[in-house]
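A.B. asks: Residue numbers (our numbering), protein chains in the order written: chain Y, 16 to 240; chain Z, 16 to 240.
Protein chains: 2
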Amino acid sequence: CIELHELVKIYRMGDQEVHALDGVSFSAIKGEMTAIIGASGSGKSTLMNIIGCLDRPTSGRYMLDGEDVSVFSDNQLARIRNKRIGFVFQNFNLLPRNTALENVEMPLLYSASHNARHRAMEAMERVNLRDRAHHEPNQLSGGQRQRVAIARALVTNPTIVLADEPTGNLDSRTGNEIMQLFHDLNEQGVTLIIVTHEPDIAAHCRRIIIMRDGQIIDDKDTSDA
Amino acid sequence: CIELHELVKIYRMGDQEVHALDGVSFSAIKGEMTAIIGASGSGKSTLMNIIGCLDRPTSGRYMLDGEDVSVFSDNQLARIRNKRIGFVFQNFNLLPRNTALENVEMPLLYSASHNARHRAMEAMERVNLRDRAHHEPNQLSGGQRQRVAIARALVTNPTIVLADEPTGNLDSRTGNEIMQLFHDLNEQGVTLIIVTHEPDIAAHCRRIIIMRDGQIIDDKDTSDA
Ligand SMILES: Nc1ncnc2c1ncn2[C@@H]1O[C@H](COP(=O)(O)OP(=O)(O)OP(=O)(O)O)[C@@H](O)[C@H]1O
Ligand SMILES: Nc1ncnc2c1ncn2[C@@H]1O[C@H](COP(=O)(O)OP(=O)(O)OP(=O)(O)O)[C@@H](O)[C@H]1O
Ligand SMILES: [Mg+2]
Ligand SMILES: [Mg+2]
Chain Y
16 CIELHELVKI
26 YRMGDQEVHA
36 LDGVSFSAIK
46 GEMTAIIGAS
56 GSGKSTLMNI
66 IGCLDRPTSG
76 RYMLDGEDVS
86 VFSDNQLARI
96 RNKRIGFVFQ
106 NFNLLPRNTA
116 LENVEMPLLY
126 SASHNARHRA
136 MEAMERVNLR
146 DRAHHEPNQL
156 SGGQRQRVAI
166 ARALVTNPTI
176 VLADEPTGNL
186 DSRTGNEIMQ
196 LFHDLNEQGV
206 TLIIVTHEPD
216 IAAHCRRIII
226 MRDGQIIDDK
236 DTSDA
Chain Z
16 CIELHELVKI
26 YRMGDQEVHA
36 LDGVSFSAIK
46 GEMTAIIGAS
56 GSGKSTLMNI
66 IGCLDRPTSG
76 RYMLDGEDVS
86 VFSDNQLARI
96 RNKRIGFVFQ
106 NFNLLPRNTA
116 LENVEMPLLY
126 SASHNARHRA
136 MEAMERVNLR
146 DRAHHEPNQL
156 SGGQRQRVAI
166 ARALVTNPTI
176 VLADEPTGNL
186 DSRTGNEIMQ
196 LFHDLNEQGV
206 TLIIVTHEPD
216 IAAHCRRIII
226 MRDGQIIDDK
236 DTSDA
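1. Confirm the yes/no value for this check: CB of Z/Leu109, any heavy atom of ligand 2, distance under 7 angstroms.
2. Compare the C-beta of Y/Thr189 against all C-beta atoms of chain Z and say whether one is closer than 8 angstroms.
3. DSSP on Y/Ser55, reduced to helix/strand/coil?
4. Examine chain Y for any beta-carbon lying closer than 8 angstroms to the beta-carbon of Z/Asn184, and answer yes or no.
5. When you compare only the Cα positions, how much space is there between Y/Asn113 and Y/Arg134?
6. Give a yes or no on whether the C-beta atoms belonging to Z/Ala168 and Z/Phe102 are separated by under 8 angstroms.
7. Counting Cβ pairs closer than 8 angstroms, one from the region 146-161 of chain Y and one from the region 183-196 of chain Y, do we hit at least three?
8. Among residues of its own chain, excluding the 5 on either side of Z/Gly46, which ones have a beta-carbon nearer than 8 angstroms to its beta-carbon?
9. Only counting the same chain, and skipping five residues up and downstream in sequence, which positions put a Cβ closer than 6 angstroms to that of Y/Val33?
10. Between which residues of its own chain and Z/Ala131 is the CB-CB distance below 8 angstroms, once the five residues before and five after are set aside?
11. Can you give the beta carbon distance from Y/Ile17 to Y/Ala43, rounded, assuming they're within the 8 angstroms contact cut?
12. Can you give me the C-alpha to C-alpha distance between Y/Met136 and Z/Val84, rounded to a whole angstrom?
13. Strictly below 7 angstroms CB to CB, what residues from chain Y border Z/Gly56?
14. What residues match up with Z/Arg76 in a beta bridge as DSSP calls it?
15. Exposed or buried, Z/Leu249, counting other C-beta atoms within 10 Å across all chains shown (16 or more means buried)?
16. Work out the CA separation of Y/Leu22 and Y/Tyr77 for me, nearest whole Å.
17. Quickly, what does DSSP pair Y/Ser42 with across the bridge? List them, please.
18. One question on the structure: do Y/Arg222 and Y/Thr174 come within less than 8 angstroms of each other, judged by their Cβ atoms?
19. Pick out the complete alpha helix (DSSP H) segments inside the region 143-200 of chain Z, 4 residues or longer, and give them in chain order.
20. Let me confirm a value: Z/Pro214 is counted as buried when at least 16 other C-beta atoms fall within 10 Å, else exposed. Which label applies?
21. Would you mind reading off the limits of the beta strand (DSSP E) that contains Y/Val103?
22. What would DSSP say about Z/Leu123, mapped onto helix, strand or coil?
23. To which residues of the same chain is Y/Arg227 closer than 8 angstroms at the C-beta, ignoring the five residues directly before and after it?
24. Taking the beta carbon of Y/Arg147 as the centre, do at least 16 other beta carbons fall within 10 Å, making it buried, or is it exposed?
25. For the alpha helix (DSSP H) holding Y/Asp30, just list the boundary residues, first then last.
26. Return helix, strand or coil for Z/Gln203, following the three-state DSSP convention.
27. Please confirm if Y/Gln105 has its CB atom under 8 angstroms from at least one CB of chain Z.
28. Look at the Cβ atom of Z/Met63, then the Cβ atom of Z/Leu177, and state whether they are nearer than 8 angstroms.
29. In chain order, what residues of the same chain have a beta carbon less than 8 angstroms from the beta carbon of Z/Ser126, not counting five sequence neighbours either side?
30. Y/Phe104: which of Y/Leu69, Y/Gln195 and Y/Ser128 sits nearest, CA to CA?
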C-alpha cells in the first residue's frame with residue numbers, strides 16, 4: 016500500500032545543500048510491521064514526514080494505495096492524513112493550551128464525529144492515561160505527553176500508523192505496553208512503520224530497515240533469518 | 016554536595032492533588048555519577064528540577080554545597096544555575112528563533128564571557144555538531160536538537176551536570192559517544208545525575224536510584240554488587 020521510488024529531499028540553506036534523503040526506494044504491503052533504525056540525522060523523520068503526507072519530496076515518486084501522492088493538492092493531502100494515517104511525532108506536537116483529552120479529540124473534530132469525546136477517552140485509556148485527561152501538556156511528564164501523542168494518532172482508527180520514536184521517553188515496562196498495543200493493531204490489519212533507536216523495540220518488528228546518510232543501506236525480513 | 020531531606024512536591028488542580036514527590040531524601044557527594052530510573056510519571060523530572068534550582072519543593076530541605084537553597088531569592092537561584100549547574104532538559108527547551116550555536120552560547124552571555132562564541136563552537140564539536148552550527152532548531156533532527164541541549168549544558172564548565180533522558184532520541188552509537196563525554200567530565204571531578212529509562216545507559220553509572228510514585232524505592236552502589 017506504500018510505494019516509494021527514488022525519493023530525494025534536499026534542503027537549501029544559502030549556498031549550502033543538505034541531502035536529507037538521497038534516493039530512497041521501498042514498498043510496504045498492507046498489514047506489514049516495519050522498524051526503521053539508523054544514526055541521528057540519517058533521514059528517518061524526513062522519510063516519515065513524506066510517507067505521512069506532511070511534506071513533499073524534492074524528486075521521486077510516492078504511491079499510496081495505488082495513487083500518486085505528488086498530484087494531490089494540500090487539501091487532499093490533509094484529508095488523507097486525517098482519514099488513513101495516524102502520526103506519532105518525535106517531538107509530540109501537542110497544543111499547549113488544550114488539555115490532554117482535547118488534544119486527543121482534535122483529529123475527530125475534522126470529521127465531525129458525533130462521539131468524539133467518548134472515543135478520545137477510550138484512546139486515553141488504551142495508553143493508561145485516563146486520570147490525566149484534564150491536564151495540559153505542561154502539567155504532564157515527558158512520557159505522559161508521549162502517550163497523549165500516541166493516543167491522538169490512534170483515535171481515528173487509521174489504517175496506517177507512523178510512529179517516530181514512540182518509546183523514547185518511556186520506561187521499559189510502559190514501552191512494552193505501547194508495543195503490545197501496536198501489535199494488537201497490527202493483528203487487526205493496521206500497517207505500522209516505527210522509527211526507533213532501541214534494539215529491543217525494533218525486535219518487535221518482523222522487518223527492519225537501516226538508514227544512513229539519507230539512504231536505505233539494509234532491508235531485512237527477520238523471519239528469513 | 017547535594018543533600019535532600021524529605022522533599023515533597025504537591026500540585027493542586029482544583030480540588031485534586033497530585034503528589035509528584037512524596038518524601039524524597041538522598042545525598043550525592045562531589046564527583047559521584049548517579050542514574051535515576053523509574054516508571055513514566057514517577058517524579059524523576061520533578062526531582063531534577065528541584066535539584067537544578069528551577070523549582071521549589073512544597074516542603075523539605077535542599078542543601079547545595081552546604082547552603083540551604085530554600086532561603087535563596089530567585090536571583091540567587093538564577094546565579095547558582097548559571098555558575099554551577101548544567102541542565103539537559105527532557106524536552107530540550109531550545110530557543111526556536113536562534114541558531115544552534117546561539118543557543119549553546121546563551122549561558123555564557125549572562126556571565127559576560129569574552130570568548131563565548133569560541134567556547135560555544137568547541138562545545139558543539141564535543142557533541143559532533145560542528146556542521147549544524149547555523150541551523151535553527153526546526154532545521155535539525157530530533158537527536159541533533161538533543162545534542163545542542165547537551166552542548167549548552169556543558170558550555171559553562173559546570174561542577175554539576177543534571178541530564179534528563181539525554182539519549183532518548185539518539186541511536187546507540189551516538190548515545191555511547193555522549194556517555195563517554197559524561198565519563199570524561201566525571202573523571203575531571205564533575206558530579207553527574209542522569210535520568211534514563213535505558214538499562215544500557217544506567218549501567219554506565221556506579222550508583223542507581225529507582226523511583227516509584229514520587230518516592231525513592233531503591234538506592235544501590237553497583238560496585239558493591
Ligand atoms: N504542573 C503540574 N501540574 C499537575 N501535575 C503535574 C505537573 N507537572 C507534573 N505533574 C505530574 O507529576 C507527576 C510526576 O511528573 P514527572 O515529570 O516528574 O515524571 P517523570 O518521572 O519525569 O516521568 P517521565 O519518565 O514520563 O518523564 C506526573 O504524574 C505528572 O502528571
Ligand atoms: N528544514 C531543514 N533545513 C535544513 N536541514 C534540515 C532540515 N530538516 C532536517 N534537516 C537535516 O536533514 C538531516 C535529516 O534529518 P532527520 O530529521 O530526517 O534525521 P533523523 O534520522 O530523524 O535523526 P534523529 O534520529 O536525530 O531524529 C539532518 O542532518 C538535519 O540536520
Ligand atoms: Mg528523527
Ligand atoms: Mg520526565
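Beta carbons: idealized from backbone N, C-alpha and C, even for Gly.
C.D. replies: Let me lay it out:
1. No heavy atom of ligand 2 is found nearer than 7 angstroms to the CB of Z/Leu109.
2. Chain Z places a beta carbon closer than 8 angstroms to that of Y/Thr189, counting this residue as a contact.
3. It is coil, neither helix nor strand.
4. So, interface residue.
5. Cα-Cα distance, rounded: 17 angstroms.
6. Yes, Cβ-Cβ distance for Z/Ala168 and Z/Phe102 is below 8 angstroms.
7. Yes: at least three Cβ pairs fall under 8 angstroms.
8. Excluding residues within five positions, the ones whose Cβ falls inside 8 angstroms are Asn201, Gly204, Val205 and Thr206.
9. Taken in chain order, the residues that qualify are Tyr26.
10. Excluding the 5 residues flanking it on each side, Z/Ala131 has same chain C-beta neighbours closer than 8 angstroms at Glu120, Leu123 and Leu124, in chain order.
11. About 4 angstroms separates the beta carbons of Y/Ile17 and Y/Ala43, which is inside the 8 angstroms limit, making them a contact pair.
12. So the two alpha carbons sit approximately 41 angstroms from each other.
13. Proximity of chain Y to Z/Gly56 at the Cβ level (cut-off 7 angstroms) is accounted for by Ser156, Gly158 and Gln159, in chain order.
14. Z/His20.
15. Here chain Z comprises residues numbered 16 to 240, so residue 249 of chain Z is not present and cannot be evaluated.
16. It is roughly 8 angstroms from the alpha-carbon of Y/Tyr77 to the alpha-carbon of Y/Leu22.
17. Beta-bridge pairing by DSSP links Y/Ser42 to Y/Glu18.
18. Going by C-beta atoms, Y/Arg222 is not nearer than 8 angstroms to Y/Thr174.
19. DSSP assignment within the region 143-200 of chain Z yields the following whole alpha helix (DSSP H) runs of 4 residues or more, N-terminal first: 157-169.
20. Its Cβ having fewer than 16 others within 10 Å, Z/Pro214 is exposed.
21. First-last of the beta strand (DSSP E) with Y/Val103: Ile100 to Val103.
22. Per DSSP, reduced to three states, the secondary structure at Z/Leu123 is helical.
23. So the list reads Gly53, Ala54 and Ser57, once near-sequence residues are dropped.
24. With 16 or more Cβ atoms within 10 Å of its Cβ, Y/Arg147 is classed as buried.
25. From DSSP, Y/Asp30 is part of no alpha helix (DSSP H); its letter is neither H nor E.
26. If DSSP states are grouped into helix, strand and coil, Z/Gln203 belongs with coil.
27. Interface residue, yes.
28. With respect to Z/Leu177, Z/Met63 sits close: the two C-beta atoms are nearer than 8 angstroms.
29. So the list reads Asn97, Lys98 and Thr171, once near-sequence residues are dropped.
30. Looking at the Cα atoms, Y/Leu69 is the closest of the given residues.
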